[in-house]
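K.L.:
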Amino acid sequence: MVCLGNICRSPLAEGILRSKLPNNFIVDSAGTGGWHAGEQPDKRSILTAKNRGIDITHQRARKFQKNDFENFDYIYVMDNQNFKDVSSLAEKENHKAKVQLILEEIFPGERVDVPDPYYGGQDGFEKVYDMLDEACEIIAKKLENK
129 MVCLGNICRS
139 PLAEGILRSK
149 LPNNFIVDSA
159 GTGGWHAGEQ
169 PDKRSILTAK
179 NRGIDITHQR
189 ARKFQKNDFE
199 NFDYIYVMDN
209 QNFKDVSSLA
219 EKENHKAKVQ
229 LILEEIFPGE
239 RVDVPDPYYG
249 GQDGFEKVYD
259 MLDEACEIIA
269 KKLENK
């Protein structure tokens, strides 16, 4: 799960998907920028997840690295800019093929962004959670059926 700073959207996506999958699946998140490396998710993300029964306080922000292409089978990005930034790091076609917009699961072919709630209020985080929850439900079912 990849967003810009790895403190709002991608930590929520990581926590949501992890909650829907058995423990043998590895779910992680990162940001295309490293400004928040080592920090916990935004307090509003933590609160939103907590209100839905998910604890993301153990997560720490990190920057997306090229070796993530080798370490993960799927790379879900939160918006079109993240898609461009992550795809530009891919050196192999099979790595580029791993990068997908997460909301393509709900809106195939529409290239819909998960809005960045950082500059808004708590309600924006709640709306983002609902979008990610719906997409992660679809992803979890696909992964469990493989």
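For the sequence shown, the numbering used here assigns the number 129 to the initial residue and increments by one for each residue that follows.
Don't be surprised by glycine CBs; every beta carbon is placed ideally from N, CA and C.
Distance, Cα to Cα, I174 vs A158?
P.N.:
Each residue's Cα considered, the two are about 16 angstroms apart.
K.L.:
If distances are taken between C-alpha atoms only, which option among Q250, L229 and N195 comes closest to K220?
P.N.:
Considering only alpha carbons, the answer is N195.
K.L.:
Indicate the three-state DSSP secondary structure (helix, strand or coil) for V227 in the structure shown.
P.N.:
Three-state DSSP puts V227 in a strand.
K.L.:
Out of A189, P139 and F200, which has the shortest C-alpha to C-alpha gap to A177?
P.N.:
Considering only alpha carbons, the answer is P139.
K.L.:
I'd like to confirm the pairing. Which residues does DSSP put opposite I203 in its beta bridges?
P.N.:
Per DSSP, V227.
K.L.:
Quick check for students: name the residue ranges of the beta strand (DSSP E) that lie wholly in the segment 141-223, counting only runs of 3 or more.
P.N.:
Complete beta strand (DSSP E) runs here, min 3: 203-205.
K.L.:
Measure the C-alpha to C-alpha separation of P236 and E265 and round it to an integer number of angstroms.
P.N.:
If I take the Cα positions, the gap works out to 15 angstroms.
K.L.:
Once DSSP output is grouped into helix, strand and coil, what is the label at C264?
P.N.:
It is helical.
K.L.:
Please state the DSSP three-state secondary structure of V242.
P.N.:
Note: V242 maps to coil in three-state DSSP.
K.L.:
I need the straight-line Cα distance from Q193 to N134, nearest angstrom please.
P.N.:
The alpha-carbon atoms of Q193 and N134 are separated by roughly 13 angstroms.
K.L.:
Does the segment 180-189 come close enough to the segment 201-209 that 3 or more CB-CB pairs lie under 8 angstroms?
P.N.:
Touching, no, given that fewer than three Cβ pairs across the two stretches are closer than 8 angstroms.
K.L.:
By Cβ distance below 7 angstroms, which residues in the same chain neighbour H164 in space, the five residues on each side in sequence not counted?
P.N.:
Answer for H164: G133, N134, I135 and A189, listed in chain order.
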